[in-house]
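Student: Position 99 of the sequence shown, counting from 1, maps to 99 under the UniProt record's numbering, and the rest follow consecutively.
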Amino acid sequence: MNKQRYESLPKEVQDIINAESGEALSLAFTRAMMKEADQAVARMEASPDHHFYEPSAQEAQRFYDAFARMAVDWGGEDAKRLALIEDLRAILRISPVKRRPHNVDEVGKTGLSHGQGLGGGGACPAAGPRGFHHH
């Protein structure tokens, strides 16, 4: 829908659209994606064709240290990104080795559009918060 069409709608209809889009829509989408990711990981864990590698605490810390430096460099390019740096730092303080359960009630509270999307998934998005995945 374009802006002209939206503005031609009755205010009551605009209010409904506003209530069901934006943050509400983003949170619903995030919850659905997290559920799908958990189901995909469970299927792969049950399959002998898929193997997960969980880095040691030392390996994971090297990754998180490098990522933290990158986040500061990235955020330093634009003052608007400073709040995101704080969100990234909060995520990086979470133990990188232990799997974090998806807490859909916390999605959206960090200011990141898709909550815990920086869960250490490695190159394969199917790995999710678990670690590195290969097949």
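Cβ atoms here follow ideal geometry from the backbone N, Cα and C, with glycine treated the same way.
Using beta-carbon positions only, say whether Ala68 and Arg89 come within less than 8 Å of one another.
Tutor: Yes. Within cutoff.
Student: So the alpha helix (DSSP H) Met44 belongs to, where does it begin and stop?
Tutor: Note, Met44: alpha helix (DSSP H), 23-46.
Student: To the nearest angstrom, how far is it from the Cα of Ser113 to the Cα of Glu54?
Tutor: Residue placement at Ser113 is poorly supported in this model, since its pLDDT is 35, which falls under 50; the coordinates still yield a value, given next. So the alpha carbons of these two residues sit roughly 26 Å apart.
Student: Could you compute how far the alpha carbon of Tyr6 sits from the alpha carbon of Ile16?
Tutor: Tyr6 and Ile16: Cα-Cα distance of roughly 12 Å.
Student: Which residue marks the beginning of the alpha helix (DSSP H) containing Asn18, and which one marks its end?
Tutor: Its alpha helix (DSSP H) spans residues 11-20.
Student: For Ser56, which of helix, strand or coil comes out of DSSP?
Tutor: Coil, per DSSP.
Student: Assign Val13 to buried or exposed, taking buried as 16 or more other Cβ atoms, counted over all protein chains shown, within 10 Å of its Cβ.
Tutor: Exposed is the call here.
Student: Under the rule that 16 or more other beta-carbon atoms within 10 Å means buried, what is Met70, buried or exposed?
Tutor: Per the 10 Å Cβ criterion, exposed.
Student: Could you compute how far the alpha carbon of Ala28 sits from the alpha carbon of Glu45?
Tutor: Those two C-alpha atoms are separated by around 26 Å.
Student: How long is the line joining the alpha carbons of Glu59 and Ser21, rounded to whole angstroms?
Tutor: Cα-Cα distance, rounded: 40 Å.
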